[in-house]
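One structure is given here, and the rest of the page talks about it.
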Amino acid sequence: MQPENGTEDLLRRLAPRVLAALVRHYGNFEAAEDAVQEALLAATTQWPGSGVPESPLGWLIRVASRRLTDELRSELARRRREATVASHTVPDELFAPAADIADLRGTDDTLTLLVLCCHPSLSPASQIALTLRAVGGLTTAEIARAFLVPEATMAQRISRAKQRIKAAGARFQPPPEEERPERFRAVLHVLYLIFNEGYTATAGPDVHRADLAAEAIRLTRTVTRILPDDGEVAGLLALMLLTDARRPARTRPDGSLVPLAEQDRSRWNRAYVDEGIALITRTLSRAPLGPYQVQAAIAAVHAEAARAEETDWRQVLALYQLLERLAPNPMVTLNHAVAAAMVQGPQAGLAMLAPLDADERVARHHRLSAVRAHLLELAGDHEGARACYLTAARLTTSLPEQQYLQNQAARLTSDGR
Amino acid sequence: MKYLLLIHSNPENWGHPTFLRTAAALAMSSEERAELSREFETLLTEIVESGELVTAEALPDPAQTRTVRVRDGVPAVTDGPFVEAKEQFAGYFVVDCESLERATEIAARFPDTRFGGAVEVRALMERSGQEM
């Protein structure tokens, strides 16, 4: 874990509460979100010099609502100029001083904001961008950097997302009871996607993307505090911790990938491993089971093995069987096949892969070829394994994966080319 | 996922947008040509507003191309493109979109694809990866 900058950390934590207070008071999510960004920027530039104000939350709300009312006033003036008759008057409370609007429902508001940002009318890319800005308190420039796109592109994505939310008539209020499970699942999925974006980052120009994993963990932690009894939220947090724990061991200094079986486990983040295992153990005993919990349980079994050879593959296999029932998808089948191979022998795993050739979601995915190559190698078919590693290397669009797969293929040739 | 859209076109006289300078487009009425331009503008606006457009550049006349080869340690510079073809590389777009299907859909809306040219869709490789 990296040491956190105090002010920045504070601002990130307060951002969703400031936004919630403004949206609750003024009702205009789009304009409120911009005003909060400006207030955060003002704090970033002013606080290091002037010191953190006595009530940072109150300060931010005051500055943000001043920006927002300025914006609303000039918008109103514009409309008045344009309209032939100024037919409506503005309610006084719209321009009321905002010092009193800070209600401290804080944490529930954060969840409501998350649900709004993960609105089903948005594409995943937009849900991610908006969540990072409105709830995570990141600037557009930071998000753009993390996704390796120009700031203008990311600004468009965020502004489009806000327009969509407005057009969909979404309001800043908790979802109706019957929609809650689905909307919460959408939030968890977005947090999971943010985590994955960060986790796959390695070294060099992508290193700042790692911050996304930390941000996803931070936001998921917040949600676990709001929904302490939700097993899937806890499961997701445990999964992130147990996965992120491997980060120091998963790449070499040159950025090349180290497979799980070859990782130096002494380099795993012990604090994350311990927290993840404790969390998933506690959760499994008391909450209804769900896919994130099962994935976390699998990660925990791997984490509990001091060496790769000590992995309890029987337990991993049982968990994949369970996961396949709870959330069947071809990527689960791939991992399930590896576990089956480790317990029942490579032919059992290979047999599970065969039907995937006809599944268009995965038939041309490099992971299918990579797993088949691995299992063929276990079965002693080096020629077949080599061909599959090369196929996988051609199919992947990731440079480090391609390098890894080509090295695997080269290992299986006599001259090592 | 980011994709590179490579635009290949065969205009009569080099100029942008290239599709308007193909023989077939030059033979069209000014209304039809204006309609083509509008379609293209609509596509551009759409991918800018959706936050999918990352960058785009147009290229000058291929006659201005230099191709460099090194033979026996000596650079050999020739005028003209590396690949001799009727259709020439006219420009490129980088889009960041949900799927290959979406990138293909965007590519299919470049008018060049209807005027003897083509748009090649190539994924950009990522520098990050999953451990196996």
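These protein sequence lines are chains A and B, in that order. So the first sequence is numbered by the UniProt record's numbering: it starts at 1 and just counts up by one. So the second sequence is numbered by the UniProt record's numbering: it starts at 1 and just counts up by one. We treat Cβ as the ideally placed atom computed from N, Cα and C, and that holds for glycine. All figures in this text were calculated on a predicted structure; none of them were measured in a lab.
- At a cut-off of 9 angstroms, the C-beta of A/A186 has no neighbouring C-beta in chain B.
- Against A/P181, chain B offers no close residue; the least beta-carbon distance is about 25 angstroms (beta-carbon pairs closer than 9 angstroms).
- Taking every protein chain shown into account, the CB of A/A168 has fewer than 16 other CB atoms within 10 angstroms, so this residue is exposed.
- Setting aside the 5 residues that flank it on each side, B/T104 is surrounded in the same chain by V121, each with a C-beta closer than 7 angstroms to its C-beta; the list follows chain order.
- Scanning the segment 33-91 of chain B for uninterrupted beta strand (DSSP E) segments of 3 residues or longer gives 53-58, 66-71 and 74-79, listed from N- to C-terminal end.
- Judged by DSSP secondary structure, B/E120 falls outside any alpha helix (DSSP H) and instead within the beta strand (DSSP E) spanning A118 to A123.
- Taking 7 angstroms as the Cβ-Cβ cut-off, the segment 243-265 of chain A approaches chain B at R250, L257, V258, P259 and L260, given in chain order.
- Interface residue (Cβ-Cβ distance to chain B less than 9 angstroms): A/T333 is not classified as such.
- About 3 angstroms separates the beta carbon of A/A15 from that of A/G137, a gap short enough to meet the 8 angstroms contact definition.
- In this structure, DSSP gives A/V52 a state outside helix and strand, which the three-state scheme calls coil.
- With the criterion set as a beta carbon lying under 9 angstroms from some beta carbon of chain B, the members of the segment 121-141 of chain A are S123, P124, A125, S126 and A129, in sequence order.
- Contact between A/R372 and A/L405 fails: their C-beta atoms lie close to 12 angstroms from each other, not under 8 angstroms.
- For A/H302, no beta strand (DSSP E) segment is defined; the enclosing uninterrupted segment is the alpha helix (DSSP H) at P291 to E304.
- Sequence-ordered contacts of the segment 119-132 of chain B with chain A read A123, L124, M125, E126, R127, S128, G129, Q130, E131 and M132 [C-beta pairs closer than 8 angstroms].
- In the DSSP assignment, B/H8 falls within the beta strand (DSSP E) that extends over K2 to S9.
- As computed with DSSP, B/D96 is found in a beta bridge with B/K2.
- The three-state reading of DSSP puts A/L138 in coil, since its state is none of H, G, I, E or B.
- The closest CA to that of A/L239, considering only A/N196, A/D264 and A/T222, is found on A/N196.
- Cβ-Cβ separation between A/T397 and B/E126: approximately 6 angstroms, consistent with a contact (criterion under 8 angstroms).
- Distance check between A/R160 and each of A/V190, A/Q127 and A/E179 places A/Q127 closest, using alpha-carbon atoms only.
- In the structure shown, A/L227 falls within a coil segment according to DSSP collapsed to helix, strand and coil.
- Between the segment 113-125 of chain A and the segment 163-182 of chain A there are three or more C-beta pairs closer than 8 angstroms, enough to call the two in contact.
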